[in-house]
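Engineer: The structure follows.
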Amino acid sequence: MKGWETMEYFLGVDAGGSKTIGVLVNARGELVATRMSGPANLVENGEEMVRRNIGLLATLLEGLHVERIYSAFGMPAFGESLRADMSYLKIITEELGIQPTLLVNDVVVGWAGGTLGQDGVHIVAGTGTIAYGRCGRKEARTSGWGSIIGDEGSAYDLGRETLRRVSRQLDGRETPTLLKEMVFERLGLSSWQSLTEWVYSLKEIERRTTIASLATVTYEAARNGDLVARAILKNAAWELSLCVLTLIEKLLLPKPLVTFSGSVLEKNEIVRESFVNHLKRRMPEVVVRNAAIHPALGAVILLYRETNREISEGVLYNLQKASQRLLQDEAPQT
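Under my numbering, read the sequence shown as residues 6 to 339, first letter to last.
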């Protein structure tokens with residue numbers, strides 16, 4: 006296309022514990038190309054996997070002049086370890102051949118996409134959990150401590166707690182319920198020994214995402230009336246609300262805006278409704294809504310602000326259209 010090489014482009018990347026989404030947008034906010042790859046959490050997945058999945062984004066940049074590209078990367082655990090931060094920068098530079106304009110924690114691009122850069126709190130409840138908020142120049146975050154000492158309310162936490170409750174049912178500490186049957190059916194297990202073998206045979210770099218996938222079993226069991234599964238989901242909702250309420254109080258937000266992303270809140274209405282109820286009981290004036298646009302496009306919002314560009318109604322409209330397309334592409338095919 007004529008002019009392709011000389012136009013300015015914005016690369017937004019939202020990396021997570023399950024997948025990585027890269028988007029290329031032009032100066033009008035129009036979606037040019039997208040690329041999806043696997044998880045890119047340096048702490049949980051290791052450098053080799055992060056390199057591979059970041060490297061797959063290189064197709065977005067083919068034929069473009071590097072100096073015409075502004076890029077923002079939202080990376081898990083960024084800002085939590087100097088060594089990890091330097092590694093992310095090195096990996097991006099080596100695999101994509103560009104110096105990031107912005108390199109931030111993935112929750113920050115989630116916040117920008119959720120609130121469109123307005124004062125408020127955004128919570129990500131996917132494979133892991135983290136919340137982030139801003140009020141003027143003040144910022145704060147809660148959770149994001151990883152799978153060993155944190156991730157409360159996440160899909161991983163749901164899967165882990167489900168396995169714990171199933172183990173209790175297997176040895177008689179609790180009465181067996183539908184949840185045990187559904188977990189055994191999903192995993193193709195036949196005995197308590199096979200459950201142990203399944204859990205401890207998981208490779209470390211795959212354990213988190215594999216266990217997180219059991220959150221869907223918990224959800225289906227709860228929908229079928231299993232009280233244990235429902236209690237697990239309700240506790241997750243409380244943990245998520247605690248992350249948000251803590252930030253609202255820290256930031257002294259006068260009219261709290263709360264947005265969310267991630268499968269646990271987007272796709273699980275039992276958790277979502279309980280989460281909203283907890284917030285409204287504590288702060289009736291709170292406004293809770295889905296993220297305005299996809300986190301990868303939230304990275305583009307950050308780039309517009311960083312480069313002092315106006316986010317006009319036309320640009321915002323195009324970004325919203327792009328977000329709808331991204332969400333459709335991510336939806337499971339039936």
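Note that CB positions come from ideal geometry on N, CA and C, so glycine has one too.
Quick caveat: nothing in here was measured; it's all calculated off a predicted structure.
Quick check: what's the CA-CA separation for Leu257 versus Gly118?
Structural biologist: Each residue's alpha carbon lies about 22 Å from the other.
Engineer: Going by CA-CA distance only, name the one from Asn295, Lys143, Ala130 and Gly141 that's closest to Glu151.
Structural biologist: Before going on, a small fix: residue 151 reads as Gly here, not Glu. Closest by alpha carbon: Ala130.
Engineer: Between the alpha carbons of Glu10 and Leu270, how many angstroms are there, rounded?
Structural biologist: Note that Glu10 scores 49 on pLDDT, short of 50, meaning its location in the model is unreliable; the coordinates nonetheless yield the value given after this. Looking at the two C-alpha atoms, the distance is approximately 40 Å.
Engineer: Does the CB of Leu284 have a neighbour CB from chain D at under 9 Å?
Structural biologist: This model lacks chain D altogether; it includes just one protein chain.
Engineer: My guess is that Asp111 and Leu262 are in contact by the Cβ rule of under 8 Å, so how many angstroms apart are they, rounded?
Structural biologist: Not confirmed; about 20 Å, so no contact.
Engineer: My understanding is that Val233 touches Ile128, with C-beta atoms under 8 Å, so please give their C-beta distance in whole angstroms.
Structural biologist: Wrong, their Cβ atoms sit about 25 Å apart, outside the cutoff.
Engineer: Three or more C-beta pairs under 8 Å: does that hold for the segment 15-27 against the segment 288-304?
Structural biologist: yes
Engineer: What span of residues does the alpha helix (DSSP H) with Ile316 cover, start to end?
Structural biologist: Premise fails: Ile316 is in no alpha helix (DSSP H) and is neither H nor E.
Engineer: What is the DSSP secondary structure of Lys272, counted as helix, strand or coil?
Structural biologist: In the structure shown, Lys272 adopts coil according to DSSP, grouped into three states.
Engineer: Tell me which same chain residues have a C-beta within less than 6 Å of the C-beta of Phe265, skipping the five on either side of it?
Structural biologist: The answer, listed in chain order, is Ile128.
Engineer: Measuring CA to CA, which of Ala77, Glu318, Leu107 and Asp156 is closest to Ala242?
Structural biologist: Asp156
Engineer: Can you list, in chain order, the residues of its chain with a C-beta nearer than 8 Å to that of Met288? Leave out the 5 residues immediately preceding and following it.
Structural biologist: Leu250, Ile253 and Pro261
Engineer: Where DSSP assigns a beta bridge to Gly27, which residues make up the other side?
Structural biologist: Val18 and Arg40
Engineer: The alpha helix (DSSP H) with Leu250 in it runs from where to where?
Structural biologist: Leu232 to Leu256
Engineer: If Arg56 and Glu100 are in contact, beta carbons under 8 Å, what's the gap, nearest whole angstrom?
Structural biologist: 6 Å
Engineer: With distances taken Cα to Cα, identify the nearest neighbour of Gly267 among Ile103, Ala217, Ala236 and Lys239.
Structural biologist: Ala217
Engineer: Assign Gln198 to one of two classes, buried (16 or more other C-beta atoms within 10 Å of its C-beta) or exposed (fewer than that).
Structural biologist: Looking at its Cβ environment, which holds fewer than 16 other Cβ atoms inside 10 Å, Gln198 is exposed.
Engineer: What's the C-alpha gap between Gly158 and Ile316?
Structural biologist: 34 Å
Engineer: I need the DSSP call for Ala145, collapsed to helix, strand or coil.
Structural biologist: strand
Engineer: Nearest to Arg307 by CA position, among Thr201, Ser76, Thr167 and Tyr224, is which residue?
Structural biologist: Per the sequence shown, the amino acid found at residue 307 is Leu instead of Arg. Ranked by Cα distance from Leu307, the options Thr201, Ser76, Thr167 and Tyr224 are led by Ser76.
Engineer: Between Gly22, Glu13, Thr167 and Ile26, which lies nearest to Leu332 when the distance is taken from Cα to Cα?
Structural biologist: Ile26
Engineer: Near Tyr161, what residues of its chain come up, given a Cβ to Cβ distance below 7 Å and the 5 sequence neighbours on each side ignored?
Structural biologist: Thr132, Gly133, Ser152, Arg213, Ile216 and Ala217
Engineer: According to the neighbour-count rule (16 or more other Cβ atoms, all chains shown, within 10 Å of its Cβ), is Ser23 buried or exposed?
Structural biologist: Sixteen is the threshold: when 16 or more other Cβ atoms of the shown chains lie within 10 Å of the Cβ of Ser23, as they do, the residue is buried.
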